[in-house]
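Asks:
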Amino acid sequence: MSTATEPSAGFRNEPILELRRAPVRESLSEALRELDARLPLEVPIWIGGDRVLGEGDRRGGAVGGSFASTDPGAPGRVVAHAGRATEDDAAAAVEAAQHGFREWSARSAAERAQVLRGAAAILRERRLELATLQVRECAKPWPEADGDVCEAIDFLEYYAREAVALDEGRTLVQVAGERNTMRYAPRGVVAVISPWNFPLAIPCGMTAAALAAGNAAVLKPAEQSPGSAGALVEALHAAGVPREALSLLPGYGDVGAALVRDPRVHVIAFTGSSAVGLDIVRASAETPERQGHVKRVVSEMGGKNCVIVDGDADLDDVVPEVVYSAFGYAGQKCSAAARVLVHEAAADTLLERLAGAVRVLDVGQAERFATEVPPVIEREAQERVERYAAMAPPLARSERALPDEGWFCAPTLVADLPDDSPILSDEIFGPLLAVTRVRDVDEACDVIDSLPFALTGGLFSRTPATIERVAARLPVGNLYVNRGITGAMVGRQPFGGNRRSGIGSKAGGPDYLLQFVEPRVVTENTMRHGIPVE
Amino acid sequence: MESQLQEVGRTIHAALPGRSRHPLRALDQRAMELASQDAELRAALFRFVDVTPACRSLDELARHLTGYLEEVDDRPPPIEAAMRMSGTRPGRAALGAAAAAGVRHMAHRFIVGESPKAALKTIRHLWEHGAAVSLDLLGEATVTEAEADRYAGRCMDALETLAAAAPSWPERPVLEADSLGPLPRVNLSVKVSALTPLLRPEAPEVGREDAARRMRPLLARAKELGAHLHIDMESVDTVEATLGLVFELLDDPELRAGPSAGVVIQAYLRESPEQLEQVLGWASRTERQQPLVVRLVKGAYWDHEIVDARQHGWTPPVFEAKRDSDRNFEVLTRRLVEAWPHVRPAIASHNLRSMAHAVAAARELGREDRDVEFQVLRGLGDDLAAALADLGYRVRIYCPVGDLVAGMAYLVRRLLENTANESFLGEQQRGTPIEELLAAP
Chain A
1 MSTATEPSAG FRNEPILELR RAPVRESLSE ALRELDARLP LEVPIWIGGD
51 RVLGEGDRRG GAVGGSFAST DPGAPGRVVA HAGRATEDDA AAAVEAAQHG
101 FREWSARSAA ERAQVLRGAA AILRERRLEL ATLQVRECAK PWPEADGDVC
151 EAIDFLEYYA REAVALDEGR TLVQVAGERN TMRYAPRGVV AVISPWNFPL
201 AIPCGMTAAA LAAGNAAVLK PAEQSPGSAG ALVEALHAAG VPREALSLLP
251 GYGDVGAALV RDPRVHVIAF TGSSAVGLDI VRASAETPER QGHVKRVVSE
301 MGGKNCVIVD GDADLDDVVP EVVYSAFGYA GQKCSAAARV LVHEAAADTL
351 LERLAGAVRV LDVGQAERFA TEVPPVIERE AQERVERYAA MAPPLARSER
401 ALPDEGWFCA PTLVADLPDD SPILSDEIFG PLLAVTRVRD VDEACDVIDS
451 LPFALTGGLF SRTPATIERV AARLPVGNLY VNRGITGAMV GRQPFGGNRR
501 SGIGSKAGGP DYLLQFVEPR VVTENTMRHG IPVE
Chain B
535 MESQLQEVGR TIHAALPGRS RHPLRALDQR AMELASQDAE LRAALFRFVD
585 VTPACRSLDE LARHLTGYLE EVDDRPPPIE AAMRMSGTRP GRAALGAAAA
635 AGVRHMAHRF IVGESPKAAL KTIRHLWEHG AAVSLDLLGE ATVTEAEADR
685 YAGRCMDALE TLAAAAPSWP ERPVLEADSL GPLPRVNLSV KVSALTPLLR
735 PEAPEVGRED AARRMRPLLA RAKELGAHLH IDMESVDTVE ATLGLVFELL
785 DDPELRAGPS AGVVIQAYLR ESPEQLEQVL GWASRTERQQ PLVVRLVKGA
835 YWDHEIVDAR QHGWTPPVFE AKRDSDRNFE VLTRRLVEAW PHVRPAIASH
885 NLRSMAHAVA AARELGREDR DVEFQVLRGL GDDLAAALAD LGYRVRIYCP
935 VGDLVAGMAY LVRRLLENTA NESFLGEQQR GTPIEELLAA P
């Protein structure tokens, strides 16, 4: 971008905790004990400045009720009680956002950036507590919970800087007698609909981008993780985002659908399942007479991510990296590895070593530092994973006894499935990895090319020409070479999928804010009485 | 003390064998020099050495080699010639064969044999010439239980093989006793990371327990055979598990009477002084009969630690300036010598100054020369070992054993070390004057 300031100047990723140090681990365990003493948390609906939790808080006596988020590892433990937003709440929040937009967009980009960075400072201050919340609410193991908090901080810091740079506009061709400028203006009201698997980072990223660019936002977080979303909104409000410019609507799909339909919403930023994402794309295309704009949709959806293992790959690296990519957080990352396509020359050895590595995977509660595979998010997810796992004989499963309670699934490795097995095409979003043998890397590319998704991909090869060829050929949004395929870092690996995985925006990258602004070009005639006055 | 140090250093330097004693060794050295002058070429050669074991044909070898060399901008004439060869299939076969032979030759310089049995001849030869060894079994990363079991089995086999052969070695009093008593002829180094697939930095206790399960029988057998078992240190991620494992197992009542055992302190770690105090504290409290051997090294995972820390935004756990490591090495050497007889110091270095400093520090503190052991790496410290042995010091050569595939990671690390511009060996090869080699860090 040809702006005066380097967009990400001064940005550096928030360092993750050094969990290899015992005192750091002890501080987290201590923070978890403190959180447990405070559970359940209360997460209100925030509409404009109004805080709604119980029935008595409601204006006009509308009845929405409340709902609870629970610990996937101990479903009896309630983590948060949240007000359940209704369709009326959605309408009220959008109305408030229209007011909030006027106030927020009137501030300079630098002022808004300052506020967002203030929110980052609050998250940083609370990072241990926020990590513990994810351990409980989403069964995220410590490294991933901490990583998620850091990513949230990164989004705030990064978009704050990007927005300031974007505000300077673009350089255009200039000729004598005219002055051309291209600037970006916020669009208006952004509806943010976020998933539970990165319960702080993803809502934070989408909301921060919307706000940094000068929009007002209405956040509808996943019903599984209202607690983290509540903490996010609290931090943003405390840092100085006007309450009307940011509302929080904990609740279910009906609220999200109401936001998507609302003609006063300009942008819908969504991350989640393909089914919902495509519904949003369809519904947003409806443009009733009274709607004065065309809606913009940012939709990040599913994947069926493959790792190619070439015949010359270093299996010492491949095994741990693939195992972590497939089974870390029980495979519940949109970037997770679902399939391995291995060169036949390396296949037998790889399968034997992968099987051995899967057998020793540590399945357990997220709060244990030793846990590699926590429970999945809910009963329905557990049933889905088990349904798919039952379709093929396992080559290996973790030999750990599963805990008695919690939505646990044994991590499973399958191999050599028939081409039409649903395991090879459906997004399962759980700890199930399928290995397929291929003649060579080109056949592996053909397989990936035939899939509808194109989110992440991996390649392990030590041949420079192969790396170049595969990188040029694969359609995936993020290709990782000779490393695991999860863990994109803000500013370093802008993240997002192509094809049916997403619309091609890249979270945490230099293009992302463009989804939240509209470009305006001004051309001024600078000639006065035949003289250019510039 | 400094004058003592200088004198000892000059004596050792004078005892070093001539530079190009062995024609093949001189050839190697030229290749190394070439590589250390050009970063791109160095990268290409390392990548080639790294991939060699995964290549299934000469053609594949040649394709990889030329693939890496293509990324080098300024190719010296011999490399250009190699590139031209790769244009035809017979040319590639010849190039592949030559390159494979080159890698094997280099590997043999650092790796004493494919198996302990195959290494016996070399080990005996070294012993006869006044150098003891510590055997190290190279292997692929351990990611499964089966691989951990296999490594433990190989360790057991190594102990048995060495113990069966050792009685026939001639007497070498310098190598067999210090002023505290006899020292085992058989010495094996083991890696905790190879003994368990469960070693993880955020949960050290899990890997520690799993490794302990396999380490215990090795210690018990070493005790019966009168062998020494040395537990190596690897990256920072494994330090807590490794020290915990050593303390726990060696304090076991059944293992208190033996075997002789040891740990490693890495002087490039900022935390190494605290780690050493932890070890010394344990050593002074333990009821074990044989003093713990503490091998002081600079550390071989510097690049890994730096990159790992940078990628995570952490302060690197290692000193970034070589001179800080060197200075710390001397501080820790002194502390170790002071702590004798709770521990037996073993100074592992290829740095003339560090070695001379250890001798001088020991003498100043009233220790006998034989109460400090010197250790070097096979293939890198051979000349130094010969000089030290000639002068009557106790020297032990760390000897990796394993096949080419298994040895590759080790080999690449050693090569990196050897071509690093700052390495002592590099300076020595370039003919740096003795005053500089012995200058205080």
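So the sequence lines, in the order shown, correspond to chains A and B.
Going by the working numbering, the first sequence opens with residue 1, and the numbers climb by one from there.
Going by the working numbering, the second sequence opens with residue 535, and the numbers climb by one from there.
Where is the CB? At the ideal position from N, CA and C, for every residue including glycine.
Leaving out the 5 sequence neighbours to the left and right, which residues in its chain are closer than 6 Å to V78 of chain A when beta-carbon positions are compared?
Replies: For V78 of chain A, where only same-chain residues beyond five positions count, the Cβ hits under 6 Å are P40, A68, T70.
Asks: How close, in whole Å, do the beta carbons of L413 of chain A and L354 of chain A come, if the pair is a contact with beta carbons under 8 Å?
Replies: 6 Å
Asks: Going straight from the alpha carbon of G60 of chain A to that of P44 of chain A, what length do you get?
Replies: For G60 of chain A, the predicted structure reports a pLDDT of 49, less than 50, and the residue's modelled location is therefore unreliable. The matter cannot be settled from this model.
Asks: Going by DSSP, what residues sit across from G715 of chain B in a beta bridge?
Replies: B:D712
Asks: On the DSSP letters alone, give me the boundaries of the beta strand (DSSP E) that E18 of chain A sits inside.
Replies: Counting along the chain, E18 of chain A falls outside any beta strand (DSSP E), and DSSP gives it neither H nor E.
Asks: Among all the DSSP beta bridges, which residues are the ones paired with C306 of chain A?
Replies: Under DSSP, C306 of chain A shares a beta bridge with A:R339, A:G457.
Asks: What does the Cβ neighbour count give for P23 of chain A, buried or exposed, with the cut at 16 atoms within 10 Å?
Replies: exposed
Asks: Under 7 Å Cβ-Cβ, which residues of chain B neighbour I16 of chain A?
Replies: Within chain B, the residues whose beta carbon sits less than 7 Å from that of I16 of chain A are H846, listed in sequence order.
Asks: Starting from G256 of chain A, trace the alpha helix (DSSP H) in both directions and tell me its first and last residue.
Replies: 253-261
Asks: Let's see if you can read the secondary structure: which residues bound the alpha helix (DSSP H) around I280 of chain A?
Replies: 274-285
Asks: Between the beta-carbon of A213 of chain A and the beta-carbon of L513 of chain A, is there less than 8 Å?
Replies: Against a cut-off of 8 Å, the Cβ pair of L513 of chain A and A213 of chain A comes out as a contact.
Asks: Could you give the C-beta distance for V192 of chain A and A269 of chain A, rounded to a whole number, given that I count them as a contact under 8 Å?
Replies: 5 Å
Asks: Just checking: is the beta-carbon of G48 of chain A within a distance shorter than 8 Å of some beta-carbon in chain B?
Replies: no
Asks: Starting from the beta carbon of E605 of chain B, find every residue of chain A whose beta carbon is closer than 7 Å, and list them in chain order.
Replies: By Cβ distance, chain A contributes P464.
Asks: Go ahead and label H81 of chain A buried or exposed: buried means 16 or more other beta carbons lie within 10 angstroms of its beta carbon, across all protein chains shown.
Replies: H81 of chain A comes out buried.
Asks: Whole angstroms is fine: what's the gap from D530 of chain B's alpha carbon to Y802 of chain B's?
Replies: Residue 530 of chain B lies beyond the stretch modelled for chain B, which goes from 535 to 975, so this question has no answer here.
Asks: For L732 of chain B, return the contacting residues in chain A, with the cut-off set at a CB-CB distance below 9 Å.
Replies: Residues of chain A whose Cβ lies closer than 9 Å to the Cβ of L732 of chain B are, in chain order, V360, D362, A370.
Asks: Considering E536 of chain B, what are the terminal residues of the beta strand (DSSP E) in which it resides?
Replies: Careful: E536 of chain B lies outside any beta strand (DSSP E), inside the alpha helix (DSSP H) at 536-549.
Asks: Have a look at B:R819, B:V773, B:D683, B:T820 and flag the residue whose alpha-carbon is nearest the alpha-carbon of Q800 of chain B.
Replies: B:V773
Asks: Any beta carbon of chain A sitting closer than 8 Å to that of E808 of chain B?
Replies: no
Asks: Between the C-alpha atoms of V373 of chain A and G647 of chain B, what's the straight-line distance to the nearest angstrom?
Replies: 41 Å
Asks: So does E758 of chain B have its beta carbon nearer than 7 Å to some heavy atom of the ligand SAM?
Replies: With respect to the ligand SAM, the structure offers nothing, as it holds no ligand at all.
Asks: Give me the DSSP bridge partner(s) of G83 of chain A.
Replies: A:S66, per the DSSP bridge assignment.
Asks: Closer than 6 Å by C-beta to F198 of chain A: which residues in its own chain qualify, once you throw out the five before and the five after it? Chain order, please.
Replies: D148
Asks: I need the boundaries of the beta strand (DSSP E) containing A795 of chain B, first residue and last residue.
Replies: Where A795 of chain B is concerned, the enclosing beta strand (DSSP E) starts and stops at 794-800.
Asks: With a threshold of 16 other CB atoms inside 10 Å of the CB of Q224 of chain A, please say whether the residue is buried or exposed.
Replies: buried
Asks: Just the chain B side, please: which residues come within less than 8 Å of R12 of chain A by C-beta, in chain order?
Replies: G847
Asks: Between P19 of chain A and chain B, is the shortest Cβ-Cβ distance under 8 Å, so that the two count as touching?
Replies: A small correction: the amino acid at residue 19 of chain A is Leu; Pro does not occupy that position in the sequence shown. Chain B contact via Cβ: present.
Asks: Below 7 Å between beta carbons is the criterion; list the residues of the segment 134-152 of chain A that meet it against any residue of chain B, in chain order.
Replies: W142, P143
Asks: Within 10 angstroms of the Cβ of Q824 of chain B, are there 16 or more other Cβ atoms? Answer buried if so, exposed if not.
Replies: buried
Asks: Residues in the same chain with beta-carbon distance under 6 Å from K651 of chain B, minus the five sequence neighbours each way, listed in chain order, please.
Replies: The beta carbon of K651 of chain B sits closer than 6 Å to the beta carbons of T695 from its chain, once the five residues preceding and following it are set aside; these are given in chain order.
Asks: How would you write the range of the beta strand (DSSP E) that R901 of chain B sits in, first residue to last?
Replies: Per DSSP, R901 of chain B belongs to no beta strand (DSSP E) and is neither H nor E.
Asks: Measure from the alpha carbon of D36 of chain A to the alpha carbon of each residue in A:R282, A:E125, A:L424, A:L130, then state which is nearest.
Replies: If we check each option's Cα against that of D36 of chain A, A:L130 comes out closest.
Asks: Find out if the Cβ-Cβ distance for the pair R161 of chain A, G10 of chain A is shorter than 8 Å.
Replies: yes
Asks: Quick one: residues in its chain with C-beta nearer than 6 Å to the C-beta of Q515 of chain A, no 5 flanking neighbours on either side, listed in chain order?
Replies: V298, S505
Asks: Which of helix, strand or coil does DSSP assign to D608 of chain B?
Replies: coil
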